[in-house]
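Colleague: Dumping the structure here so I can ask a few things about it.
Number of protein chains: 4
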Amino acid sequence: MGIRVAVAGASGYAGGELLRLIAGHPEFDLVAATAHSQAGHRVDVVHPQLTGLDLVLGETDPTILADADLVFLALPHGQSAALAAQLPAEVRIVDLGADHRLADPYAWAQYYGGTHAGQWTYGLPELPGQRELIAGSTRVANTGCYAAAITLALAPLIADGAANPADVVVVAASGTSGAGRAAKPHLLASEVMGDLSPYRVGTHQHVPEIKQATGATGLSFTPVLAPMPRGILATVTAVPARGVDPQEVLARAYADAPFVHVLPEGRWPHTAATLGSNSCHLQATVDVDSGRLIVLSALDNLGKGAAGQAVQNANLMLGLPETTGLSIWGVTP
Amino acid sequence: MGIRVAVAGASGYAGGELLRLIAGHPEFDLVAATAHSQAGHRVDVVHPQLTGLDLVLGETDPTILADADLVFLALPHGQSAALAAQLPAEVRIVDLGADHRLADPYAWAQYYGGTHAGQWTYGLPELPGQRELIAGSTRVANTGCYAAAITLALAPLIADGAANPADVVVVAASGTSGAGRAAKPHLLASEVMGDLSPYRVGTHQHVPEIKQATGATGLSFTPVLAPMPRGILATVTAVPARGVDPQEVLARAYADAPFVHVLPEGRWPHTAATLGSNSCHLQATVDVDSGRLIVLSALDNLGKGAAGQAVQNANLMLGLPETTGLSIWGVTP
Amino acid sequence: MGIRVAVAGASGYAGGELLRLIAGHPEFDLVAATAHSQAGHRVDVVHPQLTGLDLVLGETDPTILADADLVFLALPHGQSAALAAQLPAEVRIVDLGADHRLADPYAWAQYYGGTHAGQWTYGLPELPGQRELIAGSTRVANTGCYAAAITLALAPLIADGAANPADVVVVAASGTSGAGRAAKPHLLASEVMGDLSPYRVGTHQHVPEIKQATGATGLSFTPVLAPMPRGILATVTAVPARGVDPQEVLARAYADAPFVHVLPEGRWPHTAATLGSNSCHLQATVDVDSGRLIVLSALDNLGKGAAGQAVQNANLMLGLPETTGLSIWGVTP
Amino acid sequence: MGIRVAVAGASGYAGGELLRLIAGHPEFDLVAATAHSQAGHRVDVVHPQLTGLDLVLGETDPTILADADLVFLALPHGQSAALAAQLPAEVRIVDLGADHRLADPYAWAQYYGGTHAGQWTYGLPELPGQRELIAGSTRVANTGCYAAAITLALAPLIADGAANPADVVVVAASGTSGAGRAAKPHLLASEVMGDLSPYRVGTHQHVPEIKQATGATGLSFTPVLAPMPRGILATVTAVPARGVDPQEVLARAYADAPFVHVLPEGRWPHTAATLGSNSCHLQATVDVDSGRLIVLSALDNLGKGAAGQAVQNANLMLGLPETTGLSIWGVTP
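These protein sequences, in sequence, are chains A, B, C and D.
1 is the number of the first residue of the first sequence in the UniProt record's numbering; add one for each residue after it.
1 is the number of the first residue of the second sequence in the UniProt record's numbering; add one for each residue after it.
1 is the number of the first residue of the third sequence in the UniProt record's numbering; add one for each residue after it.
1 is the number of the first residue of the fourth sequence in the UniProt record's numbering; add one for each residue after it.
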């Protein structure tokens, strides 16, 4: 008899990846998976990769979800707060949406709009002290996918005093699953294949989360849609605050982190190596011409950027080993 | 203390996938992984997706391999027979190459050239009676990737008398990892992306294996290289021998097979749904115009088409549950 | 002062390619481009690749279209007949939709539904005598994209008596632009990249057109969606009716066709080589095992399969050299 | 009787694109195309997209090239100087390699190694006064592909005093054809598809060219290999030197440039829209959080980044209209 878990928002890409991870998790029993327009369909119709899993998606009914020990919320931004409010306090929740990430209600209002739902424990276990906070929480706000990639690259350098927080420039490219499963014209395969396309330049809604999580005070962030289903590659540059070996700072920060790998010199992170895993690969250097720090960070936006991260947080909240049911290794090529 | 396994030919794509599966297998301990030109390199340099695995590739030394309980041979065609001959009889071997698949030495000479190494137990557990044969064997010849996809689609229909073996037409497309990791100009990304490219039309070396495994006596097989890293989609058509419901025949044949899924009506197999898994998806119909049987088959050429299949065979040979360490679910999107 | 042309249905992929070809055509002046929901938008908003073209899409108004010498109809199937009926007889029309392709009203009713609009001159100039028929017509029905690829491969072999028309098996894969620009979930990049996906197996609506154009009497046709924006690769197999060199038959049939290239022995058609061009590449062999004829055919579904073909037909109808404004060469890599 | 042109290095990707453009150029007659290991092969064997072009690649013989009015050199870096030295002064030369781009011999020695061949007229006609310099030159050094994308985005802002040249951060991603046609393992389709991969981080050899052409004095440049055959997307950020509307500065700079398009507000450049064309698309904004200028630049690395640019330069050198034989419109989707 395992731990009873449920997924709300199971029809999207993060929801599907959650179901895959839960199906392979040795301690979890899936007791409910709910959806909106896809409620009533067999899961293998909605997620053909889960063929063989005998499950029908249900309506998003709080009384059903309340029967679980832990609920994953994989809902569109702005929808999880209302559902979370209807769940008993003793049911643990990991929210993969943005609703409970920000401390600053004004930032929420400016970038997302509407009323701020309040802040939960931030679900990035690799930040100093955060693993213990998560383990002691019943409400955890999973990181955004870009935020995970960028924070893992940058936070230790700012915390160490190695990077100037006031002048951070990030360009990050994501695979299309990060844009969700709604059928929008610009996400059609005919438009995306063979194309790199920037979007929300200079105004992306993840900026306040990234600043909050990294400690950056001035951040230029340009996101780019890349022609691949999964993966984020973030190029993070900052002015060094003093003579520093950025690789050494990162290696020290993640010495005990099973999923964050600072690569040996000469190897650079690339997204495919993390596909399907919960790993993040990092490498850093100092630019010979400009002297800026450059850190490259790669992860799977549905893995360490969403569903994998969520399971890692759930493991901690439930007292399980952090790595239970998660893969360090990517599915490549 | 687990079962001691080793991999010869660990630097190629099938070898890398074997290492990934072994690293996640609850009963296997990897005792050696050997390579040719890559010997001496850390495994994460050769396979970046295995970053975090502490392992150096060794020379292909039979005395080292002989120390394992089971050896996987993932060598180029024509190279495994010589190595296998140097291993003790009690060491179990799964050969992912073609050397020991064919019963007919003339077919070997015609399609591969050189001396035929003899036939081992054919490693497709879903063929009638084959699971038991494999379980009782110490030498198993893993199927070819195309052969796996086509045989699972066709063999039950021919065995049942539902399909005429004399007039089978197959067109099958494969992702590029099926062509191996040698740096050949036609496999460059610039050539492959955006392209569908047929090859060895009318003369592919898998023809005798497919005929032997399916029972087909007349086979037209056209392979196509597709712009994706993994996956095989086989379109198998045959003249029905009598009024028949091909879906029913297939469903009956695979009722107890954990990795072969005959899809519900209305759903067609597609490759991405099987990525990273050991599953094969099947669907069949009768063409309204021509009356031919059409069976579609999808699998991951590195999964059920190579490394997954090999682990499944190894599980059977070692008395483990067939599904140990293997995933039914695909990594999608 | 050039020839005045107009495009109805200019917002789709075929419409965009038509606009590109017209913009580069030395004899054509574009006088109107109309659309449905996109009417009123600048063309570069709808088709970013046409940035620099100063044009606003108009409403689909027959009185505006009637002002042109020739109108291209690139509308969804079933919509061109009504519009064509409102245009004066002296305005030449090339219909890229299916409405006027079929001779048989029953086939129309069975595969498309609704009332058959009647048959126009079939717009495949490379069929025997067809170039002259097109030149003498004011109404031409452009071929379907699959039909173009398959007919060019097969029609000469059946006409010559070299292939048995009763047992033709075709598997053809298409890039996603062939599925149109409507935002449907299964056409999302996240679903398509890394995937091969069959559809409408055994019941595709192009079957009657292909039979009519090729002379095949028994046809099994399996279409597959491939992870690339453009291109069709058709594998056409048939039983030879007598000892025959299929390559010689094809070479003879297309000796004078500027856009159909029977490749030298040893080279096989592949789609990327035709991208952006109006060319079709062909190669044929006899399968060593089954003895079937195998013909491979590659073209750009938006080029020779749609807009390029349409311009070629328009050139003929207007007394221009067939090749005016069209490229033989592909944009590769 | 047209202008006689020749291509040395015709077997690579830039060489193939040059042959395509020359074949469609109304004023050029191709008199020779030479290659190294591919000499003696038919051009359609080396470049299948040029099927129908009756041409055999020749040896790289200066006496043959000397017979042309203009020679394009598309050779590996470091090889064009020696060949150029053997051509008569009256033969015009456009060098697509890096040999003659840099003014500074120390930068050449540091980033490329070996002896500096001297500087030729820099082949970017859109720089102020450069069009006239090119028109008056018989030796022109074509830009690098990254340099073209970045310089068009940045040079006017620095020249105008709008951007601080001392703190420029660029992340630019390129399709694989920019990496050439040599069969290297990391360029295999299996490695590239689904992957974003940074390379030469902090030390790329294009840095001195970019600094020279843009006027930047401090430059952090991170290049990324993207899973597409063609296209460069450059994200260029700089500190504004004063209150400035970067879009207005760019629009003024390129008011008369037929191939550089500053997009209307709300539209961002993306690579696919420029595929196969000689166009560059630009858009700029000021980041709301950091206040940095962000300019996005997209072009086809084989078009405006190489062969298209070369033909544009050749047109100017030969007194032809700049746009002759070049397309403004992209081949999309």
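We put the beta carbon where it would ideally sit given N, CA and C, even for glycine.
#1: Can you tell me where the alpha helix (DSSP H) with residue 110 (chain A) in it begins and where it stops?
#2: Looking at the secondary structure, which residues open and close the beta strand (DSSP E) in which residue 29 (chain D) lies?
#3: With a CB to CB cut of under 6 Å and the five nearest residues on each side skipped, what residues in its chain are close to residue 94 (chain A)?
#4: Along the beta strand (DSSP E) that carries residue 282 (chain A), what are the first and last residues, could you check?
#5: I'd like to know whether the C-beta atoms of residue 144 (chain B) and residue 181 (chain B) end up nearer to each other than 8 Å.
#6: Less than 8 Å between the CB atoms is what I'm expecting for residue 154 (chain C) and residue 216 (chain C), so what's the real figure, rounded?
#7: Fully enclosed by the UniProt domain "Semialdehyde dehydrogenase NAD-binding" (4-135) of chain B, which beta strand (DSSP E) runs are 3 residues long or longer?
#8: Whole angstroms are fine: how far does the CA of residue 107 (chain B) sit from the CA of residue 213 (chain B)?
#9: Taking C-alpha atoms, which residue in B:17, B:162, B:96, B:147 lies nearest to residue 238 (chain B)?
#10: Can you tell me which of the three DSSP states residue 244 (chain B) falls into?
#11: Counting along the chain, where does the beta strand (DSSP E) carrying residue 296 (chain A) start and finish?
#12: Sort out for me which residues DSSP pairs residue 221 (chain D) with in a bridge.
#13: Residue range of the beta strand (DSSP E) that residue 141 (chain B) falls in?
#14: If the cut is a Cβ gap below 9 Å, which residues of chain C does residue 223 (chain A) touch?
#15: For the alpha helix (DSSP H) containing residue 207 (chain A), list its first residue and its last residue.
#16: For residue 45 (chain A), return the contacting residues in chain B, with the cut-off set at a CB-CB distance below 9 Å.
#17: From the DSSP output, in three-state form, read off residue 158 (chain D) for me.
#18: Please compile the residues from chain A whose C-beta is within a distance smaller than 9 Å of the C-beta of residue 292 (chain D).
#19: Determine the chain A residues that contact residue 13 (chain D) at a beta-carbon separation under 8 Å, and present them in chain order.
#20: I need the straight-line Cα distance from residue 20 (chain D) to residue 308 (chain D), nearest angstrom please.
#21: Helix, strand or coil for residue 232 (chain B)? Go by DSSP, reduced to three states.
#22: Name the chain B residues that come within less than 7 Å of residue 76 (chain A), Cβ to Cβ?
#23: Taking 8 Å as the threshold (beta carbon to beta carbon), is residue 228 (chain C) in contact with chain A?
#24: Residues of the stretch 231-252 of chain D with a CB closer than 8 Å to any CB of chain A: list them in chain order, please.
#25: Indicate the three-state DSSP secondary structure (helix, strand or coil) for residue 153 (chain C) in the structure shown.
#26: Name, in chain order, the residues that DSSP records as bridge partners for residue 261 (chain C).
#27: Can you give me, in chain order, the residues of the stretch 182-198 of chain D that have a beta carbon less than 7 Å from any beta carbon in chain C?
#28: Using a 10 Å radius around the Cβ and a threshold of 16 neighbouring Cβ atoms, would you call residue 184 (chain C) buried or exposed?
#29: Are residue 249 (chain A) and residue 219 (chain A) closer than 8 Å when you measure CB to CB?
#30: Which partner residues of residue 237 (chain D) appear in the DSSP bridge assignment?
#31: Against chain C, does residue 177 (chain A) count as a neighbour if the rule is that its beta carbon must be under 8 Å from one of theirs?
#32: Taking residue 306 (chain C) as the reference, give the member of C:262, C:6, C:96 with the closest Cα.
#33: Could one say the Cβ of residue 22 (chain D) lies closer than 8 Å to chain C's Cβ atoms, at least one of them?
#34: What are the boundary residues of the alpha helix (DSSP H) that includes residue 190 (chain D)?
#35: Rounded to whole angstroms, what is the Cα-Cα separation between residue 265 (chain D) and residue 54 (chain C)?
#36: By alpha-carbon positions, which one of D:326, D:48, D:281, D:4 ends up nearest to residue 195 (chain B)?
Modeller: Walking through what the data contain:
#1: 105-111
#2: 28-35
#3: 72, 140, 142, 310, 313, 314
#4: 280-286
#5: no
#6: 7 Å
#7: 28-35, 70-73, 92-95, 121-123
#8: 14 Å
#9: B:162
#10: coil
#11: 293-299
#12: D:170
#13: 139-142
#14: Residues of chain C passing the Cβ test: none, with the nearest at roughly 16 Å.
#15: 207-214
#16: 264, 266, 267
#17: helix
#18: 167, 169, 202, 218, 220
#19: Those within 8 Å of residue 13 (chain D) in chain A number zero; the least Cβ separation is about 15 Å.
#20: 10 Å
#21: strand
#22: Going along chain B, no residue has its Cβ under 7 Å from residue 76 (chain A), so there is no contact; the nearest lies around 18 Å.
#23: yes
#24: 231, 233, 235, 237
#25: helix
#26: C:281
#27: 194
#28: exposed
#29: no
#30: D:169, D:294
#31: yes
#32: C:96
#33: no
#34: 189-192
#35: 16 Å
#36: D:48
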